[in-house]
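Structure, as structure tokens:
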Amino acid sequence: IFMGKEAKITARGFSLLYFLAQHKQEVVSYNSILDELWKDEKDAIYTRIISHIYKFRIKILDAIGHNEDNKKKVKDIFKVISGRGVMLNINDKELKIS
Numbered sequence: 001i002f003m004g005k006e007a008k009i010t011a012r013g014f015s016l017l018y019f020l021a022q023h024k025q026e027v028v029s030y031n032s033i034l035d036e037l038w039k040d041e042k043d044a045i046y047t048r049i050i051s052h053i054y055k056f057r058i059k060i061l062d063a064i065g066h067n068e069d070n071k072k073k074v075k076d077i078f079k080v081i082s083g084r085g086v087m088l089n090i091n092d093k094e095l096k097i098s
């Protein structure tokens, strides 16, 4: 639930979101994410992570509206740090994971 609106995501997407929430405000390396969530898949690559982040952004925007302010807000929350990893930049009041 984001800004009072429900955004449905896949089970793998939920696992990624939950993992990032455990490390919010930290840059989590692509390798850490791959090791945690795709450990049994030898062909896992960081583009899968980026794809899930993109899908998160779209699902949330579908729920709250695709205006420019919301687009900026959602992009700032799911930060992709080139060459390093991903950061969930959000406080507890803004996101409810269930």
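Per the UniProt record's numbering, residue 1 is the first one in the sequence shown, and the count goes up by one each step. Backbone N, C-alpha and C fix where the C-beta goes; we use that ideal spot for every residue, glycine too.
Using CA coordinates, which residue listed in the options is at the minimum distance from residue i?
{"i": "ILE53", "options": "GLY4, ILE9, GLN25", "result": "ILE9"}
{"i": "MET3", "options": "ILE77, LYS55, GLY83", "result": "ILE77"}
{"i": "ARG48", "options": "LYS75, ASN31, ASN91, ASN67", "result": "ASN31"}
{"i": "PHE14", "options": "GLN25, GLU26, LEU37, ASN89", "result": "LEU37"}
Taking Cβ to Cβ, would you say residue i is nearer than 7 Å to residue j?
{"i": "ALA7", "j": "ILE81", "result": "no"}
Exposed or buried, what is residue i when buried is set at 16 or more other beta-carbons lying within 10 Å of its beta-carbon?
{"i": "TYR18", "result": "exposed"}
{"i": "ILE33", "result": "buried"}
{"i": "PHE65", "result": "It is worth fixing the name first, because residue 65 is Gly in this sequence and not Phe. When all chains shown are included, GLY65 counts as exposed."}
Taking the C-alpha atoms as reference points, what is the distance between residue i and residue j?
{"i": "MET87", "j": "SER29", "result": "9 Å"}
{"i": "ALA63", "j": "LYS75", "result": "15 Å"}
{"i": "LYS39", "j": "PHE56", "result": "22 Å"}
Problem set entry | At least 3 beta-carbon pairs within less than 8 Å: the region 18 to 27 vs the region 64 to 72 | no
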